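J.:
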Amino acid sequence: MRHHYLQTMGITRWVRRESDPVVLDDAEPEQKPPVEAQTELVTDVELTVVQTPDSHMVDELDWPELQQSVAACVACDLHATRTQTVFGSGNQQADWMIVGEAPGAEEEQQGTPFMGQSGQLLTAMIEAMGLKREQVYITNVLKCRPPENRDPDADEMMACHSFLRRQIALLQPKVILAVGRVAAQNILDSTELMKDLRGKVFKYKDSGIPVVATYHPAYLLRAPTEKRKAWQDLQMAMRIVAGEQQ
Ligand code: SF4
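Note that the numbering used here has the sequence shown beginning at 67, numbered continuously upward.
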């Protein structure tokens with residue numbers, strides 16, 4: 067069964083080879099500089115304006131309350147162009163939490179993260195690990211779709227982070243798999259490139275929850291030769307969940 071899904075991922079020779087070195091000199095999409103926070107000129111003083119949900123309030127919410135709060139959120143400009151929020155899907159008691167960047171058009175339409183071709187590859191990756199998609203919890207850093215699928219702005223990610231932080235606190239996963247540079251940098255509060263983030267185990271802020279970064283399925287569809295490295299990342303995350311690695 068696993069072989070079938072590995073084939074789906076285009077990695078028919080992905081047989082576990084313990085002697086394979088973890089190569090970290092992979093090509094990485096260019097890092098974009100952080101987008102300046104939204105500013106507003108008041109007389110001769112330039113103030114930075116970043117609305118965020120009341121994080122103390124968010125930290126008190128249970129799952130249904132949190133989802134309602136996200137659905138009603140107007141903390142950043144993305145609320146004006148969304149048709150609906152994409153909160154997350156899957157098992158709210160899962161060991162695995164998979165976090166991507168932001169919903170695209172198909173995800174927004176269906177209200178579910180990781181649909182379309184990227185979603186199919188992510189599902190194949192999950193099933194290659196011997197899991198079903200319903201057994202993991204999947205969400206994004208942003209709950210609203212950036213227009214034309216542009217990268218999220220820094221202020222949008224700052225505005226939305228308390229929701230993700232609360233999802234992590236409620237779920238208490240054994241591992242967080244951050245897929246793609248934007249998600250990994252946001253979760254790890256880092257500006258490092260994916261080639262420097264993957265292949266290592268980080269901790270999510272003060273929680274001690276392990277974080278593993280790997281490539282976004284959309285990137286793997288464009289660069290299928292990188293699937294082998296993604297599989298190495300997934301294997302490392304599997305060892306963490308199994309208690310074989312910290
Ligand atoms: S992206 Fe996040 S912070 Fe911005 S409006 Fe949507 S839910 Fe609120």
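All C-beta atoms in this analysis are idealised placements derived from N, C-alpha and C, irrespective of residue type, glycine included. Remember, it's a predicted structure, so these values are computed and weren't measured experimentally.
Would you call the CB atoms of Leu-237 and Ala-160 closer than 8 Å?
T.: yes
J.: What residues come near ligand 1, if near means a beta carbon less than 7 Å from any of its heavy atoms?
T.: Pro-119, Val-136, Cys-139, Val-140, Ala-141, Cys-142, Leu-144, His-145, Arg-148, Thr-151, Leu-208, Lys-209, Cys-210, Glu-222, Ala-225, Cys-226 and Phe-229
J.: Skipping 5 residues on each side, what residues in its chain have a beta carbon closer than 8 Å to that of Pro-169?
T.: Val-152, Pro-179, Asn-206, Leu-208, Lys-209, Cys-210 and Arg-211
J.: Can you list, in chain order, the residues of its chain with a C-beta nearer than 6 Å to that of Gly-182? Leave out the 5 residues immediately preceding and following it.
T.: Excluding sequence positions up to five before and after Gly-182, its CB lies within less than 6 Å of the CB of Glu-172, all in the same chain and listed in chain order.
J.: Any idea if His-122 is buried or exposed, counting beta-carbon neighbours within 10 angstroms, 16 or more meaning buried?
T.: Exposed, since its Cβ has fewer than 16 Cβ neighbours within 10 Å.
J.: Thinking Thr-147 and Pro-239 are a contact (beta carbons under 8 Å), I'd like their distance in whole angstroms, please.
T.: In fact, because the Cβ distance is near 31 Å, the residues do not count as touching under 8 Å.
J.: What whole-angstrom Cβ distance do Val-248 and Asp-217 have, given they're in contact under 8 Å?
T.: 6 Å
J.: For Arg-314, count neighbouring Cβ atoms within 10 angstroms of its own Cβ and tell me buried if that reaches 16, exposed if not.
T.: Limits of the chain in this structure are 67 at one end and 312 at the other, which puts residue 314 out of reach.
J.: Is it right to say Met-260 is buried, meaning 16 or more other beta carbons lie within 10 angstroms of its own, or is it exposed?
T.: buried
J.: From this set, His-145, His-282, Gly-166 and Met-224, which residue's C-alpha is nearest Gly-154's C-alpha?
T.: Gly-166
J.: According to DSSP, Tyr-203 sits in a beta bridge with which residue or residues?
T.: Gly-156 and Met-163
J.: Does Glu-222 pass the burial test, meaning 16 or more other C-beta atoms within 10 Å, or should it be called exposed?
T.: buried
J.: Quick check: is the beta carbon of Met-191 nearer than 8 Å to any beta carbon in chain D?
T.: Structure shown: chain D not included; a single protein chain is present.
J.: Does the beta-carbon of Val-89 have 16 or more other beta-carbons within 10 angstroms, so that it is buried, or is it exposed?
T.: Because the pLDDT of Val-89 is 37, which lies under 50, any placement of that residue in the model is unreliable, and the number read from its coordinates should be weighed accordingly. Per the 10 Å Cβ criterion, exposed.
J.: Using 10 angstroms around the beta-carbon of Glu-174, count the other beta-carbons present and answer buried if the total reaches 16, otherwise exposed.
T.: With at least 16 other beta carbons inside 10 angstroms of its own, Glu-174 counts as buried.
J.: Straight-line CA distance for Gln-201 to Asp-120?
T.: 31 Å
J.: Can you give me the Cβ contacts of Ala-279 inside the same chain, cut-off strictly under 6 Å, excluding the 5 residues immediately before and after it?
T.: Excluding sequence neighbours, Ala-279 sits near Ala-244, Ala-250, Leu-263 and Arg-264.
J.: Enumerate in chain order the residues of its own chain whose CB-to-CB distance from Leu-127 is below 8 Å, with the five nearest sequence positions on each side excluded.
T.: Excluding five sequence positions before and after Leu-127, the CB atoms of its chain that fall closer than 8 Å to its own CB belong to Ser-135 and Arg-232, given in chain order.
J.: Quick check on this structure: which residue in Ile-306, His-282 and Val-307 has the alpha carbon closest to the alpha carbon of Lys-295?
T.: From the listed residues Ile-306, His-282 and Val-307, the smallest Cα separation to Lys-295 is found for His-282.
J.: Taking the alpha-carbon positions, what's the Gly-309 to Ser-273 distance?
T.: Cα-Cα distance, rounded: 17 Å.
J.: Can you have a look at Ala-284 and say buried or exposed, based on whether 16 or more other CB atoms are within 10 angstroms of its CB?
T.: buried
J.: Can you tell me where the beta strand (DSSP E) holding Arg-208 begins and where it ends?
T.: In the sequence on display, residue 208 carries Leu and not Arg. No beta strand (DSSP E) contains Leu-208, which DSSP labels as neither H nor E.
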